[in-house]
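Numbering (my numbering), first residue to last: 1370 to 2378. Built from N, CA and C at the ideal position, the CB exists for glycine as well. Worksheet: the structure to be examined is printed underneath.
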């Protein structure tokens, strides 16, 4: 990095525009920046830092301070312009802080926001604007320089007072400064991360121990009285808890097993006692049963003797009834003959009422003779009846012919009427077919046009919807841009306010007796205090997060707007297809949705009408074909009707001839009887009635003979069965249910008698009756007591088995928990060992150095080595800076800094150096630190350095040696600016930048010779 030009306007003590030409000052390699106290020497360095990072170093931008010059005219804005080369690029940075300016309209002032501008120089195009964003410019500068503002202030603007304090400070103060310079926060984050992992692993182990302990509590609850020893007293997280729980569970299982064996033996003994009591109870019950059975048998035998007389009467009654059953067939035959005779007499009486009086009492012979005469007369009427029947058939056939003639005449008239309009009908149907075919062709054309119109209508609707969405998206984009800009400005404002109050923020961390991280002093007489509206780091980060979120929202809305615009263009092109012709007709641009709706509806109506007509093509063809078929059918029907009419004429003439002959034949018969059929019917009915009456007389005579024969058979059957008369046998008869009832009573008595006899013959029942009465109640009580004891023992056995099973299950669960806890505990021990090692609390860490301190110690060792190169030249080879990791007092080791005196050969503390020695030692340390930080920043070349104060403490020889060291920096193409009040330096350094203090503000003068 090389500075070229600095322009200050109304900045600090400079009331007007002041320009510093660093190119001219750097030509000699070393230049002097001097001036009276308060003139603004440090303000020049502040302006460089402000131009680069938007903030001045350290506490000079404390709350309540302002960068604007009090000498400046109200209309002159405060501004800093810095031109530099960094990363091979020529840049120009312009910054203006937030400041009050007069209102353009009216009185008073208004606050103008901070502004930043970054330009880059192109050899062809000249100066090109790159950005106006505070954040983007800050990120670009940090990336080009490779260091933060704190690093820049320590490396480029070498503050000798700070390094003198750094030289004498303790390890903690050095650690804070080195931590800011080398950004070792990642190593502190590693320490914190390991601590978090240790706490998390410890929490998981503690949780696992709590689960194991909870399992132990369940084991103790399940063990109950089997738990003869108390649970382990170890708490979760303590070592040995899992092993103690497993050991206690093994003892509990052993005790439970012993109790289970005892309960099993007790249950076996109770089972045996219950079996004995059961056997005794069964024996008593069997004795009681036999005694009761024998007594009941004696009672039943007595009851049988009482019912013996009734049993004998039933046997006698049943025997007589079975003898009487022998006459049942003869009796049934006699009853059937009586019923037949009665039916025959009734039938004879019915026919007597229908016969003529002279035949009412006639016998079979007379009735048969009369029937024969009627049959002969009926046979003589058959020919006349057939002739009459044929005449009637002829009349019916002539009537049928007349009906057919009328139907054919009607058909001929209808066919003539239909055929008269055939030409017109055929022409109309052919026209319908042709119209339907034309409609089918038009339907296909309209379908294509309708599909296209519907597509354009959908596109037009999407176009209008997307147009509205685009308007909304543009409004959202405008709002998002405003929100992003407001969030950005708010963040920048909060950042500037925080930077102004950074001194108060650092002062908040001061402790009594502890050195200040900035000045190194252990006394804090007047620490900075936060002013009104102080902004802390969390508020700034919240504003930054809000700014980034607003910027992301703006980008998202912008992308959404681009997508909507592209989709709208596509939809508009689809909707405007085929619209050029309409535009010419209507004189307008793209079609509206309403126009497309009307156009689509009209096409849909036309398409529907054409489709309806086209759908009738098949129907029209069928109607034409049907009409042609009907035309042929009509012609054929007419020809058939005419042929049938000719046939009917011939048939009617034949029937007339037959009818004339039959009428002549029937004329004589009809003179005697009006109708031959009616006369024949009367004769047939009389002959049938006489035949039925003769048959009824014959049936009555046969039934009387059969009844007489049945009476004789009944008398013979009653005598053979042992009865005097048939009436006596009938009185003894019993029906089948009555006989079965008597037989059932007899069988029941005999079965009871046999059963009683068998039971009286049982020896065990007789033996039991001879013994004393049984007492099953006492045996039952004994059995119940044994049963109760068995249930108690079984319950105890079940409880012991369940306890043992539950203990086994819970023990397995506890073992699984312990096995699962093993990896967690191993991980915890590993993480805890690493966390203790990085935190410096482990026994393996002999020097008790934290990881961050270890890294800083390595950096401090590099700084000491780089500083020693220059310190030996400044001290004529006497002093050497060395890093020490020895512990001092009770504090941790790692950041000690000693000086080795070559004259004495001893190593001593840097606090023992004199004032001049302290200056050049701190200067060497600052230059060495600048080299190390530069290398750490990626080897960024620093061509311009500033050294602030401290030269007044050197003698002439030492001052020459220091200037020689500084002059040697030119070998690396560096320029060094010395900020000092020492008058001798104005003689030794010819190139100077003098800051002149005046009443209207400071100015600068360049002395280049």
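Residue closest to residue i, alpha-carbon to alpha-carbon, out of the options
i            : options                : result
residue 2111 : 1661, 1686, 1784       : 1686
residue 2032 : 1677, 2266, 1758       : 1758
residue 1481 : 1446, 1742, 1451       : 1446
residue 1567 : 2241, 1978, 2361, 2203 : 2203
residue 1854 : 2029, 1825, 1375, 1921 : 1921
residue 1973 : 1991, 1823, 1905       : 1823
residue 1382 : 1395, 1370, 1391, 1415 : 1415
residue 1399 : 2368, 2362, 1914       : 2362
residue 2082 : 1814, 1987, 1706       : 1706
residue 1692 : 2375, 2356, 2102, 1629 : 2102
residue 2272 : 2247, 2092, 2238       : 2247
residue 2354 : 1971, 1985, 1401       : 1401
residue 1987 : 2100, 1883, 1798       : 1798
residue 1896 : 1904, 1907, 1871       : 1871
residue 1761 : 1490, 2132, 2029, 1832 : 2029
residue 2180 : 1583, 2243, 1690       : 1583
residue 1510 : 1617, 1421, 1479, 2190 : 1421
Cβ-Cβ separation, residue j to residue i (assumed contact under 8 Å), whole Å
i            : j            : result
residue 1829 : residue 1926 : That pair is no contact at about 26 Å.
residue 1933 : residue 1835 : 6 Å
residue 1983 : residue 1960 : Not confirmed; about 29 Å, so no contact.
residue 2316 : residue 2294 : So it is not a contact: roughly 12 Å between Cβ atoms.
residue 2297 : residue 2232 : 5 Å
residue 2152 : residue 1647 : 6 Å
residue 2143 : residue 1653 : 5 Å
residue 2186 : residue 1581 : 5 Å
residue 1660 : residue 2137 : 5 Å
residue 1819 : residue 1966 : Rounded, the Cβ-Cβ distance is 13 Å, inconsistent with contact.
Beta-carbon spacing of residue i, residue j below 7 Å
i            : j            : result
residue 2366 : residue 1441 : no
residue 1767 : residue 2024 : yes
residue 2194 : residue 1574 : yes
residue 2159 : residue 1571 : no
residue 2252 : residue 2276 : no
residue 1379 : residue 1437 : yes
residue 2383 : residue 1410 : Since the first and last residues shown for the chain are 1370 and 2378, residue 2383 lies out of range.
residue 1910 : residue 1863 : no
residue 1460 : residue 1453 : yes
residue 1498 : residue 2221 : no
residue 2269 : residue 2279 : no
residue 1635 : residue 2162 : yes
residue 1387 : residue 1377 : yes
residue 1784 : residue 2013 : no
residue 1832 : residue 1936 : no
residue 1413 : residue 1419 : no
residue 1690 : residue 2119 : no
residue 1859 : residue 1904 : no
residue 2364 : residue 2373 : yes
residue 2301 : residue 2226 : no
residue 1503 : residue 1861 : yes
Residue range of the beta strand (DSSP E) that includes residue i
i            : result
residue 1378 : 1371 to 1380
residue 1415 : Per DSSP, residue 1415 belongs to no beta strand (DSSP E); it is in the alpha helix (DSSP H), 1410 to 1422.
residue 2376 : 2372 to 2376
residue 2346 : 2344 to 2348
Continuous alpha helix (DSSP H) stretch holding residue i: start and end
i            : result
residue 1791 : 1791 to 1869
residue 2106 : 2105 to 2129
residue 2192 : 2145 to 2208
residue 1435 : That residue, residue 1435, is in no alpha helix (DSSP H); it is neither H nor E in DSSP.
residue 1503 : 1503 to 1514
residue 1970 : 1962 to 1984
residue 2092 : Unbroken run through residue 2092: none, as it is neither H nor E.
residue 1910 : 1906 to 1944
residue 1442 : Where residue 1442 is concerned, there is no enclosing alpha helix (DSSP H), given that its DSSP letter is neither H nor E.
residue 1393 : 1391 to 1394
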